[in-house]
Amino acid sequence: MKLAIDIGESFQIAISAIRANKARGVLTTLGIIIGIIAVVLTMTAANGLHNQFRQSFAAVGADVIYVSRMPWVVMGDFFTYRNRPAIELREARELEGRLRGRGIVNPSMSTQRDVKYRAETIDAMRIVGTTEKQMLVSSGRPQSGRFIMGSDVTYKKNVCVIGTNVRDGLFGSANPLNKKIKIGRAVFRVIGVMEEQGGSFLGGPNFDRQIFVPITSYVKAFGGQRGRQSVNISVKAPSKEAMEDFEFVVIGEMRKIRKLRPAEPDNFSINKLDTLVGAFNNVMGVVLLVGLLVTSISLFVGGVGVMNIMFVSVTERTREIGIRKAIGAKRRSILLQFLFESAIICLLGGVIGIVLASLLTAVINTVLMPASVSVSIVIVAVTVAVAVGVVAGFVPAWRGSKLDPVEALRYE
Amino acid sequence: MNNIETSGSTALSLRNVTKTYVMGADTVHALRGVSIDIDRNEYVAVMGPSGSGKSTLMHLIGCLDVPTSGTYSLEGRMVAEMSESQLAEIRNRQIGFVFQTFNLIPRSNIFHNVELPLVYGGVGKAERRERTELAIKRVGLTDRMKHKPNELSGGQRQRVAIARALVFDPSIILADEPTGNLDSKTGDEIMTVLDGLHDAGQTIILVTHEDYIARHALRTVRLLDGSIESDVKNGLGAGGNH
Ligand SMILES: Nc1ncnc2c1ncn2[C@@H]1O[C@H](COP(=O)(O)OP(=O)(O)O)[C@@H](O)[C@H]1O
Ligand SMILES: [Mg+2]
Chain A
15 MKLAIDIGES
25 FQIAISAIRA
35 NKARGVLTTL
45 GIIIGIIAVV
55 LTMTAANGLH
65 NQFRQSFAAV
75 GADVIYVSRM
85 PWVVMGDFFT
95 YRNRPAIELR
105 EARELEGRLR
115 GRGIVNPSMS
125 TQRDVKYRAE
135 TIDAMRIVGT
145 TEKQMLVSSG
155 RPQSGRFIMG
165 SDVTYKKNVC
175 VIGTNVRDGL
185 FGSANPLNKK
195 IKIGRAVFRV
205 IGVMEEQGGS
215 FLGGPNFDRQ
225 IFVPITSYVK
235 AFGGQRGRQS
245 VNISVKAPSK
255 EAMEDFEFVV
265 IGEMRKIRKL
275 RPAEPDNFSI
285 NKLDTLVGAF
295 NNVMGVVLLV
305 GLLVTSISLF
315 VGGVGVMNIM
325 FVSVTERTRE
335 IGIRKAIGAK
345 RRSILLQFLF
355 ESAIICLLGG
365 VIGIVLASLL
375 TAVINTVLMP
385 ASVSVSIVIV
395 AVTVAVAVGV
405 VAGFVPAWRG
415 SKLDPVEALR
425 YE
Chain B
2 MNNIETSGST
12 ALSLRNVTKT
22 YVMGADTVHA
32 LRGVSIDIDR
42 NEYVAVMGPS
52 GSGKSTLMHL
62 IGCLDVPTSG
72 TYSLEGRMVA
82 EMSESQLAEI
92 RNRQIGFVFQ
102 TFNLIPRSNI
112 FHNVELPLVY
122 GGVGKAERRE
132 RTELAIKRVG
142 LTDRMKHKPN
152 ELSGGQRQRV
162 AIARALVFDP
172 SIILADEPTG
182 NLDSKTGDEI
192 MTVLDGLHDA
202 GQTIILVTHE
212 DYIARHALRT
222 VRLLDGSIES
232 DVKNGLGAGG
242 NH
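Sequence order for the protein chains is A and B. To get the numbering used here, take the position in the first sequence, counting from 1, and add 14. To get the numbering used here, take the position in the second sequence, counting from 1, and add 1.
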């Protein structure tokens, strides 16, 4: 009860004190405003990146191991990877045989071709040769029509399943099913359209700009193997928990297939969602670091400004402190009074910062990437602003609360 | 006399109280061994030349400060043994201060200025409103409740200060030259208010330079250079001077 009254009084004093010094309050909060903008933008960017990453790689299964010639994220000397032999379809089949009953194996190859339907052309679509097992190792599903079947692969059918961007580009709103399109120089019949996967992430593949064809037709049409195109092998582990052990099994079998001697290094790479997550975390780390740096510098500067203003405020109101103490204010009451003032100044700065950051986010949303300020970000920003206010106001408030009442009353 | 201290009518009692200020190399003896007892419902004027220690004495009695040596008991409680927070509570509930310079909070309106001791005392809102309005009514400023202090005359401001001093029903009202900043006519008005409070049972201690102000009180204590020079009952009934 007593504390509640104290808080109410402190709040009132703070508001009227700030009202009396509007310009000064706003000026000192500039650092806080910038700091809060930095907080909000950093968190919004991090959120946005995270969402986009999840969306973009939803098709990459967490329980799938990808065996390919190159690592997804190249570290170190690129040329050691260049000299590796391409993975052949034959090797993929052999791996499938060796892992039978343990993991599902799907080979795939990809290249880029221009794609045509009547007068419409789209350049450089990603053409993926795969099998019906694609459905077992990836989460992407057809939204209309069907996916490639075993018989399409066996009989080298020229059929294809297209991504939403391909459909929009070639057909607009017309129905693409059973239409014949030209991929490079070969003609394929559209048998399905994949669900939308979301855009590309930081230059990564855009799954909506893909066309799936049977891997056998792919080899026939785009000459895969002779052009030393390497096969990517997706291997689905029995479970997510078994991933780590299973990775060694896959490596072991691949080494046997390639007859590598114990001293020889792997001449293929194992890729996982984890690899991407690692790379993503690096990007995220940089974003967060820069954000944190800008945030802490501006909040520090802002905090020092607020501390200064609070020292001025305490000094200006020395006599008032004396009066309040003379009529029974305890140290706690005086301390609270100034802490509130400081916190409210920073809160005002924080609110201004949040508003400005929201406007900036709206701009980012239209020109750069999907982004929005969430409620949790606002809560964090408000908390940070108030915390800065409390920290910055503490020493001045403490000093004010310790003033000797008689001395304070004599202050002119 | 011991029976005075134990009697139920004693409001406060000082024994050999000294107050020394050390300012660098200088030591100022503001009070040099003051002993005084004041009963409930007394009306005391403290007089003496400037620098004689009147304000210092008021500060000690009002628990704004503590003696360098000596003992002070207020309503039977030893002040020297109290914590800062307990002193604040005493100032809040038992003491009502009236200053020469009014000392109102400029940004707050009259109502809030008067209400403030109740706020610090943790009194609930409804009771605060009732007591505040009553106190303001007692000094005749009900129509000025929403005004800021700078919209009032000096005499009105001092009446607000008196309302604030009495709002929590203190044991003692301490007024340090309450008329010092007022013309004599306004000063008289203030004294009329204080006289009224005394008639209603309030204990009042008042510092003044003016004899005509001091004559409102029933007892006059004269300080000189930090010591009590004289302590006499006023008026005819007591058989003292005048
Ligand atoms: N806070 C203080 N620090 C130093 N000296 C003080 C202080 N307060 C009062 N004094 C000194 O103590 C003496 C008594 O002062 P005061 O009680 O204010 O006298 P009065 O109110 O009778 O004019 C004076 O000499 C004054 O200068
Ligand atoms: Mg004085």
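Built from N, CA and C at the ideal position, the CB exists for glycine as well. No experiment lies behind these values; they were computed from the predicted model shown.
Handout entry: Between the CA atoms of ALA34 of chain A and ASP200 of chain B - distance to the nearest angstrom
Key = Residue mapping note: residue 200 of chain B aligns to position 199 of the second sequence, counting from 1. Residue mapping note: residue 34 of chain A aligns to position 20 of the first sequence, counting from 1. Straight-line Cα distance between these residues: approximately 42 Å.
Are the region 391–404 of chain A and the region 47–59 of chain A touching by the rule of at least three beta carbon pairs closer than 8 Å?
-> yes
**Asked** Residues with a Cβ closer than 5 Å to any heavy atom of ligand 1, in chain order?
**Response** B:TYR22, B:VAL29, B:ALA31, B:SER51, B:GLY52, B:SER53, B:GLY54, B:LYS55, B:SER56 and B:THR57
**Message:** So PRO419 of chain A contacts chain B; which residues on that side make the cut at Cβ distance below 7 Å?
**Reply:** Within the first sequence, the letter at position 405 stands for residue 419 of chain A. Simply LEU65.
Inset, instruction - Taking ILE214 of chain B and THR187 of chain B to be in contact with their CB atoms under 8 Å, please state how far apart those CB atoms are, rounded to whole angstroms. - result: As a position in the second sequence, residue 214 of chain B is number 213, starting the count at 1. As a position in the second sequence, residue 187 of chain B is number 186, starting the count at 1. Contact doesn't hold; Cβ gap of about 12 Å is too wide.
Under 7 Å: does the beta carbon of ASP177 of chain B sit that close to some heavy atom of ligand 2? Residue mapping note: residue 177 of chain B aligns to position 176 of the second sequence, counting from 1. Yes, ligand 2 has a heavy atom inside 7 Å of this Cβ.
Assuming contact is defined by CB atoms lying nearer than 8 Å, are ARG223 of chain A and ASN295 of chain A in contact in what I supplied? Reading the first sequence from its first residue, position 209 is the one you call residue 223 of chain A. Reading the first sequence from its first residue, position 281 is the one you call residue 295 of chain A. Contact flag unset, no.
Between which two residues does the alpha helix (DSSP H) harbouring ASN281 of chain A extend?
Here the question's residue 281 of chain A lines up with position 267 in the first sequence. Looking at the DSSP string, ASN281 of chain A is not in any alpha helix (DSSP H), and its letter there is neither H nor E.
query: Can you list the alpha helix (DSSP H) stretches of 4 or more residues lying completely in the region 274–334 of chain A, in chain order?
result: 287–330
Alpha carbon of SER310 of chain A to alpha carbon of ILE27 of chain A, nearest angstrom
Taking the first sequence and counting its residues from 1, one reaches residue 310 of chain A at position 296. Taking the first sequence and counting its residues from 1, one reaches residue 27 of chain A at position 13. Cα to Cα, the separation comes out at about 29 Å.
**Element boundaries [alpha helix (DSSP H), containing GLU82 of chain B]** = As a first step, residue 82 of chain B must be located in the second sequence, where it is residue number 81. Run containing GLU82 of chain B: none; DSSP gives neither H nor E here.
For SER231 of chain B, three-class secondary structure by DSSP: What you label residue 231 of chain B is simply residue 230 of the second sequence in a count that begins at 1. Reduced to three states, the DSSP call for SER231 of chain B is strand.
Residues of the region 19–37 of chain A in Cβ contact with chain B at a cutoff of 9 Å, in chain order, please. ILE19, ASP20, GLY22, GLU23, GLN26, ILE27, SER30, ALA31, ARG33 and ALA34
GLU105 of chain A classed as buried or exposed, judged by whether at least 16 other C-beta atoms fall within 10 angstroms: Stepping through the first sequence from its first residue, residue 105 of chain A is reached at position 91. So GLU105 of chain A counts as buried.
*Limits of the unbroken beta strand (DSSP E) element including ASN17 of chain B*: Within the second sequence, the letter at position 16 stands for residue 17 of chain B. It spans 11–24 - the beta strand (DSSP E) in which ASN17 of chain B sits, taken as one unbroken run.
Report the residues of the region 341–355 of chain A with a CB closer than 9 Å to any CB of chain E, ordered along the chain. Of the protein chains in the structure, A and B, none is chain E.
Review point. For ASP226 of chain B, which residues of its own chain have a beta-carbon under 7 Å away from its beta-carbon, when the five flanking residues on both sides are left out?
Key: In the second sequence, counting from the first residue as 1, residue 226 of chain B sits at position 225. These residues qualify, in order along the chain: SER53.
Checklist entry - Thinking C-alpha only, which one of A:ILE359, A:ALA376 and A:TYR80 is nearest LYS286 of chain A? => result Here residue 286 of chain A corresponds to residue number 272 of the first sequence, with the count starting at 1. If we check each option's Cα against that of LYS286 of chain A, A:TYR80 comes out closest.
| Listing by chain order, which chain B residues have their CB less than 7 Å from the CB of ILE337 of chain A? | Counting from one through the first sequence, the residue named residue 337 of chain A turns up at place 323. Residues of chain B passing the Cβ test: ASN104 and ILE106.
Would you report the Cα separation of GLY317 of chain A and GLY305 of chain A, rounded to the nearest angstrom? Against the first sequence, residue 317 of chain A aligns to sequence position 303. Against the first sequence, residue 305 of chain A aligns to sequence position 291. So the alpha carbons of these two residues sit roughly 17 Å apart.
Count the other CB atoms within 10 Å of the CB of GLU82 of chain B; is the residue buried (16 or more) or exposed (fewer)? Looking up residue 82 of chain B in the second sequence gives position 81. Per the 10 Å Cβ criterion, exposed.
Please report the distance separating the alpha-carbon of ARG68 of chain A from that of THR125 of chain A.
In the first sequence, counting from the first residue as 1, residue 68 of chain A sits at position 54. In the first sequence, counting from the first residue as 1, residue 125 of chain A sits at position 111. C-alpha separation (whole angstroms): 24 Å.
My parser needs the alpha helix (DSSP H) runs of 4 or more residues fully inside the region 165–236 of chain A; what are they? 178–185 and 229–236
Checklist entry - Excluding sequence positions up to five away, which residues of its chain have a Cβ less than 6 Å from the Cβ of ASN120 of chain A? => result To locate residue 120 of chain A, count along the first sequence from 1; it is residue 106. Correct list, in chain order: THR145, LYS147, GLN148, VAL151 and SER248.
message = Measuring alpha carbon to alpha carbon, tell me which residue in A:LEU373, A:ALA60, A:SER82 and A:ARG38 is nearest GLY299 of chain A.
response = Taking the first sequence and counting its residues from 1, the one referred to as residue 299 of chain A is at position 285. Ranking A:LEU373, A:ALA60, A:SER82 and A:ARG38 by Cα distance to GLY299 of chain A puts A:ALA60 first.
* So, ILE46 of chain A versus VAL320 of chain A, is the Cβ gap smaller than 8 Å? -> To locate residue 46 of chain A, count along the first sequence from 1; it is residue 32. To locate residue 320 of chain A, count along the first sequence from 1; it is residue 306. Yes. Within cutoff.
Step through the CB atoms of chain B and report whether any lies within less than 8 Å of the CB of GLU334 of chain A.
As a first step, residue 334 of chain A must be located in the first sequence, where it is residue number 320. Judged by the 8 Å Cβ criterion, GLU334 of chain A is in contact with chain B.
(message) Counting only C-beta atoms, is VAL233 of chain B closer than 8 Å to chain A at any point?
(response) For the purposes of this step, residue 233 of chain B is taken as residue 232 along the second sequence, with counting starting at 1. False, the Cβ-Cβ gap to chain A never drops below 8 Å.
From the beta carbon of PHE112 of chain B, is the nearest beta carbon of chain A less than 8 Å away? Walking along the second sequence from the start, residue 112 of chain B turns up at place 111. Chain A, which has no Cβ nearer than 8 Å to the Cβ of PHE112 of chain B, makes this no.
Does the region 122–142 of chain A come close enough to the region 185–201 of chain A that 3 or more CB-CB pairs lie under 8 Å? yes
Q | Nearest to PRO150 of chain B (by Cα), restricted to the options B:ILE96, B:PHE112, B:GLU131 and B:LEU219 | A | Residue numbering aside, residue 150 of chain B sits at position 149 when the second sequence is read from its first letter. Considering only alpha carbons, the answer is B:PHE112.
Straight-line CA distance for ASN42 of chain B to HIS217 of chain B? As a first step, residue 42 of chain B is located in the second sequence; it is residue number 41 there, counting from the start. As a first step, residue 217 of chain B is located in the second sequence; it is residue number 216 there, counting from the start. One C-alpha to the other measures close to 14 Å.
- Is VAL88 of chain A helix, strand or coil when you go by DSSP? By one-based count along the first sequence, residue 88 of chain A stands at place 74. DSSP places VAL88 of chain A in coil when its eight states are reduced to three.
**Proximity below 8 Å, CB of ARG5 of chain A to CB of ARG83 of chain A** = Residue coverage of chain A in this structure runs from 15 to 426, which leaves residue 5 of chain A outside it and unanswerable.
Checklist entry - So what does DSSP say about MET163 of chain A, is it helix, strand or coil? => result As a first step, residue 163 of chain A is located in the first sequence; it is residue number 149 there, counting from the start. MET163 of chain A: coil per DSSP, three-state reduction.
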